[in-house]
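Numbering (the working numbering), first residue to last: 1 to 106. We put the CB at the ideal spot given by N, CA and C, even for glycine. Since we're looking at a predicted model, the values are computed, not measured. Read through the structure below, which is laid out as structure tokens, and then see the notes.
As structure tokens, this is what we get:
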């Protein structure tokens with residue numbers, strides 16, 4: 001007999017199987033049950049490139065013995081990393097809340 005709970009379980013399993021994991025987004029953030037959109041992936045790839053550039057510039061400034069500049073660049077990279085993580089959590093919470101408002105179609 002087909003029940004609502006069986007359908008919900010099958011839908012949940014299907015969503016987990018069909019989930020697309022994006023390496024760059026899942027590298028810095030915790031895994032979740034929803035797949036990120038292309039816009040989210042593009043934004044986070046750009047953020048990661050900026051963070052990588054800041055870390056490289058910090059290493060170069062350490063090589064040139066500019067300690068203050070290196071510390072400033074490292075702190076900025078760390079701040080961007082934290083902002084990226086918070087932004088990701090806020091977007092996922094918003095998507096999860098919006099999804100919970102939709103009725104489960106049978």
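query                                                                                                                                                                                             : result
For residue 3, which of helix, strand or coil comes out of DSSP?                                                                                                                                  : coil
Please go through the same chain and pick out, in chain order, the residues whose beta-carbon is closer than 6 Å to the beta-carbon of residue 54, but skip the five residues on each side of it. : 73, 76, 77
DSSP on residue 61, reduced to helix/strand/coil?                                                                                                                                                 : helix
Given 8 Å as the limit, is there contact between the stretch 81-88 and the stretch 56-69, that is, 3 or more CB pairs closer than that?                                                           : no
Run through DSSP, which three-state label would residue 21 get?                                                                                                                                   : Unreliable placement is indicated for residue 21, whose pLDDT of 48 sits below 50; no coordinate value is reported for it.
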